[in-house]
Amino acid sequence: MSEPSVFTRILGGEIPSEIVAETENVFAIRDIAPQAPVHLLVIPKQNDYRNVVELAAGDPALLAEMIGLANSLAAEHADGDFRLVFNTGPHAGQTVFHVHAHVLAGGLGEESVGA
Ligand code: 5GP
77 MSEPSVFTRI LGGEIPSEIV AETENVFAIR DIAPQAPVHL LVIPKQNDYR
127 NVVELAAGDP ALLAEMIGLA NSLAAEHADG DFRLVFNTGP HAGQTVFHVH
177 AHVLAGGLGE ESVGA
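Using the numbering used here, read the sequence shown as starting at 77 and increasing by one per residue.
See the structure below:
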């Protein structure tokens with residue numbers, strides 16, 4: 077068995093982080109190192125997929141649930157507009173291999189903000 081991911085440890089209460097929203101299969105937290113005025117992470121509760129490509133192939137309904145929660149969070153925490161980023165692979169900046177979406181929002185305007 078591999079080590080539990082940092083997100084699994086947060087969900088289990090082992091690492092402190094407020095869970096700002098959850099659905100049946102997905103939860104959301106604030107990113108510890110925000111790259112935008114609103115920077116949330118939307119994460120499946122089960123760590124079954126390493127990245128969004130595996131998730132889309134294996135459980136598209138779960139991907140849709142993540143996107144639905146991202147949409148609700150952008151309306152609740154900003155003006156409803158948002159950028160959704162899935163870093164995929166270490167050379168793209170992925171550091172946690174438990175699939176997660178970065179929800180970036182809050183006056184991004186013309187600037188280029190990545191996660
Ligand atoms: P990745 O680089 O894999 O796309 O995204 C991982 C994200 O998780 C990073 O933006 C990083 O700041 C965030 N992160 C890593 N450890 C923690 C933590 O312990 N708490 C929270 N809230 N975010 C974390």
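Think of the CB as a built atom: it goes at the ideal place given N, C-alpha and C, for glycine as much as any other residue. Note that this is a predicted model, so its numbers are computed, not measured.
(Q) Is the beta carbon of Ala109 closer than 9 Å to that of Gly182? (A) no
Q. Short check: CB of Glu141 to CB of Val114, under 9 Å?
A. no
Q) Taking the alpha-carbon positions, what's the Leu131 to Val175 distance? A) 8 Å
Q: List the endpoints of the continuous alpha helix (DSSP H) containing His153.
A: 136-153
Q: Tell me where the alpha helix (DSSP H) around Leu180 begins and ends.
A: Looking at the DSSP string, Leu180 is not in any alpha helix (DSSP H); the run it does join, the beta strand (DSSP E), is 177-181.
Q: Specify, as a first and last residue, the run of the alpha helix (DSSP H) that Arg126 falls within.
A: That residue, Arg126, is in no alpha helix (DSSP H); it is neither H nor E in DSSP.
**Q.** Residues near Thr84 by beta carbon distance below 6 Å, same chain, minus five either side
**A.** Asn123
Q) Nearest CA to the CA of Ile143: which residue from Gly89, Glu98, Val172? A) Glu98
Q.
Here's the rule: buried if 16 or more other CB atoms are within 10 angstroms of the residue's CB, otherwise exposed. What is Ile95?
A. exposed
Q) What's the C-alpha gap between Ile86 and Ala177? A) 16 Å
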